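>
Protein chains: 2
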Amino acid sequence: MLAGLDQRTASIYAPIQPKLARVEEHLRSLPQTSLPDLEPLLSYVLTSGGKRIRPAITLLAADCYPHDQEKPLIMAGAVELLHLATLIHDDMVDNSDLRRGKPTVTKLWGKDVAVLFGDYLFATSATFVCDTGNVRVIRRFAETIMELASGELLEIFHAFDSQDARRLYQERIYRKTASLFCTAAETGAVLGGAPEPQVKALRDYGYQIGMAFQMVDDLLDVLGDPAELGKPVGSDLRQGVLTLPSILLLERYPENNPIQAMFRQRKQNDGDAPENPANLERALEIINNSGILPDCYAQIRECCRNASQSLELLPDCPARRSLRDLADYVWERSR
Amino acid sequence: MLAGLDQRTASIYAPIQPKLARVEEHLRSLPQTSLPDLEPLLSYVLTSGGKRIRPAITLLAADCYPHDQEKPLIMAGAVELLHLATLIHDDMVDNSDLRRGKPTVTKLWGKDVAVLFGDYLFATSATFVCDTGNVRVIRRFAETIMELASGELLEIFHAFDSQDARRLYQERIYRKTASLFCTAAETGAVLGGAPEPQVKALRDYGYQIGMAFQMVDDLLDVLGDPAELGKPVGSDLRQGVLTLPSILLLERYPENNPIQAMFRQRKQNDGDAPENPANLERALEIINNSGILPDCYAQIRECCRNASQSLELLPDCPARRSLRDLADYVWERSR
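These protein sequences, in sequence, are chains A and B.
The first sequence maps to residues 1 to 335 in my numbering.
The second sequence maps to residues 1001 to 1335 in my numbering.
(1) Would you identify the three-state DSSP class for LEU121(A), choosing helix, strand or coil?
(2) Check whether the Cβ atoms of ILE1287(B) and TYR1253(B) lie closer than 8 angstroms to each other.
(3) Consider the Cβ of VAL1190(B): report whether some Cβ of chain A lies at a distance smaller than 8 angstroms.
(4) Could you please tell me which residues of the stretch 1120 to 1154 of chain B, in chain order, have their CB closer than 7 angstroms to any CB of chain A?
(5) Mind checking LYS1267(B): buried by the 16 CB within 10 Å criterion, or exposed?
(6) May I have the straight-line CA-CA distance separating VAL216(A) from ALA1201(B), to the nearest angstrom?
(7) For ILE88(A), which residues of its own chain have a beta-carbon under 6 angstroms away from its beta-carbon, when the five flanking residues on both sides are left out?
(8) Rounded C-beta distance between ILE1173(B) and MET1211(B)? I'm assuming under 8 angstroms.
(9) Comparing the CB of ASP1204(B) with every heavy atom of the ligand NAD, is any distance shorter than 7 angstroms?
(10) Alpha carbon to alpha carbon, how far is GLU1070(B) from GLN1309(B)? Give it in angstroms, no decimals.
(11) Which residue comes first and which comes last in the alpha helix (DSSP H) that contains ALA14(A)?
(12) If you measure between the beta carbons of THR1058(B) and ALA1076(B), is that distance less than 8 angstroms?
(13) Could you give the first and the last residue of the continuous alpha helix (DSSP H) run that contains PRO36(A)?
(14) Can you find the residues in the same chain that come closer than 8 angstroms, C-beta to C-beta, to LEU1250(B), ignoring five residues on each side of it along the sequence?
(15) For PHE157(A), which residues in chain B fall below 7 angstroms Cβ to Cβ?
(16) If you run the structure through DSSP and keep just helix, strand and coil, what is LEU5(A)?
(17) Thinking C-beta only, is TYR205(A) closer than 8 angstroms to LEU82(A)?
(18) How would you label THR33(A), buried or exposed, when you count the other beta carbons within 10 angstroms and need 16 or more for buried?
(19) Does the beta-carbon distance from THR1183(B) to PHE1141(B) come in below 8 angstroms?
(20) Consider the Cβ of MET211(A): report whether some Cβ of chain B lies at a distance smaller than 8 angstroms.
(21) Tell me, please, whether the CB atom of MET75(A) is closer than 8 angstroms to any CB atom in chain E?
(22) Helix, strand or coil: which one does DSSP assign to ARG1099(B)?
(23) Just the chain B side, please: which residues come within less than 9 angstroms of HIS89(A) by C-beta, in chain order?
(24) Can you name the start and end residues of the alpha helix (DSSP H) that ALA1142(B) belongs to?
(25) So, does the CB of VAL1105(B) fall closer than 8 angstroms to a CB anywhere in chain A?
(26) CA-CA distance, PRO1036(B) and LEU1121(B)?
(27) Determine the burial state of MET1001(B): buried for a count of at least 16 other Cβ atoms within 10 Å of its Cβ, exposed for fewer.
(28) Taking Cβ to Cβ, would you say GLY1234(B) is nearer than 8 angstroms to VAL1222(B)?
(29) Using 8 angstroms as the threshold, is the C-beta distance between PRO1055(B) and LEU1005(B) below it?
(30) Could you check where the alpha helix (DSSP H) with ARG1172(B) kicks off and where it finishes?
(31) Determine the DSSP secondary structure at CYS1064(B), reduced to helix, strand or coil.
(32) Would you mind telling me which residues of chain B sit closer than 7 angstroms to MET92(A), beta carbon to beta carbon, in chain order?
(33) Note down the Cα distance separating ILE1156(B) from ALA298(A), rounded to an integer number of angstroms.
(34) Between which two residues does the alpha helix (DSSP H) carrying GLU275(A) extend?
(35) Under 8 angstroms Cβ to Cβ from GLN265(A), same chain only, skipping five residues before and after it: list those, please.
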């Protein structure tokens, strides 16, 4: 069993457990076949934990169909590697010192190495996908990298900007998070040989579970036990990033709104002077003591329910049950 | 004609001029079909000049054979886009303010945007390659991105380190520069339908011309007219990067060597104190007034001759003559 898994995920992954172990083995063989200079970096990121949710989705999607055994395994490895590459660049951009309780690549090796090593991992993940020999899957993979990068760019470009916030939030979290869940599920289905309507259903499953996953993350940021979060409560808002709870706050309290005050102040002093922490504190307080949280839970629950419903088209099998359990698990994570 | 071309390159590109214009058109249509937030960035990098040598090589390689007209065009666009993506990340890592006389993406939009926008361009170039539908070519392309990134990483890891310098120099300049020239030529040949020995010959042509191209760049850095260079003379050595002339200096003057003194000093003060500029000045002076420069020219000339010789296997045609002229042009650039 993977070191990072709790009992719940381990039981969800049961139908594909031996396959997931082989994906892990494949990933961990990378450092031995690379340039000696890259070995410490590769070993570090590949043993830094994580629940392997995305590759599990690829394997479970394929597992609903009788299929070539190798290709989904290779694809699952590519999906995880791509995820690890994005974490390295995201941590660099966010100036994060810690990830899963361990120092980030940026912290240990510096920004320059983080950028170039991230590039190296992106490209390595692409060579994995090439080994599937399936051009449709390769193309989706490349498009996904475009979506991931542009999602992060939207976050930067629209920081401290409350215009059109709800539409941009949907677009942004699709790009930066849900797109890789979509691709994980879709490529598993394609390589598993699923009929086209079921490929579409699995892609939709990935979309719904990915959107829910990011909304849970965003909710934890305002609720947060900072110890579990690994960063201070309200980091998103502090960086000018609007998420579902803060958007609801903006929509519901048009008068004397602490977020508007915070953004206005930032604009006035051009980001130079230290901000008045009272606005952030008031925003978090209203979010935590109003009808906002229940409405966030309701939206997350709806996405998880939609994810489960997408699975109805699929053949009844242990893998389908695991995909359903995974949707429940994402929902439970928010509670 | 492309704005950035001088008369010499324009005449070399003559056999493929209409095709190169179509590649340019394809690239310049990108901003209109992307997210509105990315439009200014895309327009900026796509109109920032450059001689388009790499896509020209792809088109010329394919042009030696009767072939499908579209695929080499798409590939040439991908090759140029990949080159532009690497420039963005390299300028970020090198903290460069200027590129071809214009402010870099990092300078105008900041490091975070440069990293993520570079990622976006890498991925966009990969979607272009997918449009060729040729898995062999797609795989080479992904491997090339690994090589480019690892070449830059080697430069960082071995800065201020004179061990095994000559072998590492060959490895490093292959990865960071020649690999993309190899891939430009090889993929043009594959998509043009060249017989396998001629694919190999064109790959070898790319290797030789790419190695020469980087050695010329490295030579200009120590000779340099800073105005044309866009950076101070001796930048490589100042950053601890050994290139052919400084490696020859290390090999030939084992006693009282200014580079060894510079690196030793750096190690002693851990890079904190400002360095004594006398060592750098002495190193540049010896390089410029000894037998070192003629030997550098000789090595560059040999690579360019090897490049021309690789072409002998190819059918005699205007494109082959242009590839030969291009090898001469790289050689002339150094004089």
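Beta carbons: idealized from backbone N, C-alpha and C, even for Gly.
Source: prediction; values computed, not measured.
Per the coordinate set shown:
(1) Counted from its first residue, the first sequence places residue 121(A) at position 121. Helix.
(2) Position 287 of the second sequence holds residue 1287(B). Position 253 of the second sequence holds residue 1253(B). Result no, Cβ atoms of ILE1287(B) and TYR1253(B) do not sit closer than 8 angstroms.
(3) Along the second sequence, one-based indexing puts residue 1190(B) at 190. So no, VAL1190(B) is outside the interface.
(4) For the stretch 1120 to 1154 of chain B, the set of positions with a beta-carbon nearer than 7 angstroms to some beta-carbon of chain A reads TYR1120, PHE1122, ALA1123, THR1124, ALA1126, THR1127, CYS1130, GLY1133, VAL1135, ILE1138, ARG1139, ALA1142, GLU1143, ILE1145, MET1146, ALA1149, SER1150, GLU1152, LEU1153 and LEU1154 in chain order.
(5) Start at 1 with the first residue of the second sequence, and residue 1267(B) comes out as number 267. Exposed is the call here.
(6) Looking up residue 216(A) in the first sequence gives position 216. Looking up residue 1201(B) in the second sequence gives position 201. Spanning the two alpha carbons is a distance of roughly 55 angstroms.
(7) Walking along the first sequence from the start, residue 88(A) turns up at place 88. Answer for ILE88(A): VAL105, ALA114 and GLY118, listed in chain order.
(8) Translated into the one-based positions of the second sequence, residue 1173(B) becomes position 173. Translated into the one-based positions of the second sequence, residue 1211(B) becomes position 211. At roughly 6 angstroms, the Cβ-Cβ gap stays under 8 angstroms, so ILE1173(B) and MET1211(B) are in contact.
(9) The ligand NAD is not among the ligands present in this structure, which contains no ligands whatsoever.
(10) By 1-based counting over the second sequence, the position of residue 1309(B) is 309. By 1-based counting over the second sequence, the position of residue 1070(B) is 70. Roughly 29 angstroms between the two C-alpha positions.
(11) Within the first sequence, numbered from 1, the residue matching residue 14(A) stands at position 14. It is not in any alpha helix (DSSP H) - ALA14(A) carries neither H nor E in the DSSP assignment.
(12) Numbered from 1 along the second sequence, position 58 holds the residue referred to as residue 1058(B). Numbered from 1 along the second sequence, position 76 holds the residue referred to as residue 1076(B). One thing to note: THR1058(B) has its Cβ within 8 angstroms of the Cβ of ALA1076(B).
(13) What you label residue 36(A) is simply residue 36 of the first sequence in a count that begins at 1. No alpha helix (DSSP H) contains PRO36(A), which DSSP labels as neither H nor E.
(14) Here residue 1250(B) corresponds to residue number 250 of the second sequence, with the count starting at 1. Cβ neighbours of LEU1250(B) beyond the five flanking positions: SER1162, ALA1165, LEU1242, ASN1257, ILE1259 and GLN1260.
(15) Residue mapping note: residue 157(A) aligns to position 157 of the first sequence, counting from 1. Those within 7 angstroms of PHE157(A) in chain B are ASP1037.
(16) Counted from its first residue, the first sequence places residue 5(A) at position 5. Three-state DSSP puts LEU5(A) in coil, outside helix and strand.
(17) For the purposes of this step, residue 82(A) is identified with residue 82 of the first sequence, where counting begins at 1. For the purposes of this step, residue 205(A) is identified with residue 205 of the first sequence, where counting begins at 1. Not a contact, by the Cβ cut-off of 8 angstroms.
(18) Along the first sequence, read from residue 1 onward, the residue named residue 33(A) stands at position 33. Exposed, since its Cβ has fewer than 16 Cβ neighbours within 10 Å.
(19) The sequence position of residue 1183(B) within the second sequence is 183, counting from 1. The sequence position of residue 1141(B) within the second sequence is 141, counting from 1. At a Cβ-Cβ threshold of 8 angstroms, THR1183(B) and PHE1141(B) count as neighbours.
(20) As a working mapping, residue 211(A) is identified with position 211 in the first sequence. Taking Cβ atoms only, chain B never reaches closer than 8 angstroms to MET211(A), which makes this a no.
(21) Absent from the structure: chain E. Protein chains present are A and B.
(22) By one-based count along the second sequence, residue 1099(B) stands at place 99. Note: ARG1099(B) maps to strand in three-state DSSP.
(23) Position 89 of the first sequence, counted from the first residue, corresponds to residue 89(A). One finds VAL1115, LEU1116 and ASP1119 in chain B with Cβ atoms closer than 9 angstroms to the Cβ of HIS89(A), taken in chain order.
(24) Position 142 of the second sequence holds residue 1142(B). Per DSSP, ALA1142(B) belongs to the alpha helix (DSSP H) from 1135 to 1157.
(25) The count along the second sequence starts at 1 and reaches residue 1105(B) at position 105. No, VAL1105(B) lies away from the interface with chain A (no Cβ there is under 8 angstroms from its Cβ).
(26) One-based indexing of the second sequence puts residue 1036(B) at position 36. One-based indexing of the second sequence puts residue 1121(B) at position 121. The C-alpha of LEU1121(B) is placed about 15 angstroms away from the C-alpha of PRO1036(B).
(27) For this step, residue 1001(B) is matched to residue 1 along the second sequence. Only weak support exists for where MET1001(B) lies, its pLDDT of 47 falling under 50; the coordinates are left without a value.
(28) Here residue 1234(B) refers to the residue found at position 234 when the second sequence is read from its first residue. Here residue 1222(B) refers to the residue found at position 222 when the second sequence is read from its first residue. Against a cut-off of 8 angstroms, the Cβ pair of VAL1222(B) and GLY1234(B) comes out as a contact.
(29) Along the second sequence, read from residue 1 onward, the residue named residue 1055(B) stands at position 55. Along the second sequence, read from residue 1 onward, the residue named residue 1005(B) stands at position 5. Note that the C-beta distance between PRO1055(B) and LEU1005(B) is not below 8 angstroms.
(30) On the second sequence, residue 1172(B) is found 172 positions in, with the first residue counted as 1. Here the alpha helix (DSSP H) through ARG1172(B) covers 1165 to 1173.
(31) As a first step, residue 1064(B) must be located in the second sequence, where it is residue number 64. Residue state, collapsed to three classes: coil.
(32) Here the question's residue 92(A) lines up with position 92 in the first sequence. Below the 7 angstroms Cβ cutoff, chain B contributes VAL1115 as neighbours of MET92(A), in chain order.
(33) Your numbering for residue 1156(B) matches position 156 in the second sequence. Your numbering for residue 298(A) matches position 298 in the first sequence. Between the alpha carbons of ILE1156(B) and ALA298(A) lies a distance of about 49 angstroms.
(34) By one-based count along the first sequence, residue 275(A) stands at place 275. Boundaries cannot be given for GLU275(A), as no alpha helix (DSSP H) includes it and DSSP labels it neither H nor E.
(35) As a first step, residue 265(A) is located in the first sequence; it is residue number 265 there, counting from the start. Answer for GLN265(A): GLU275, ASN276 and ASN279, listed in chain order.
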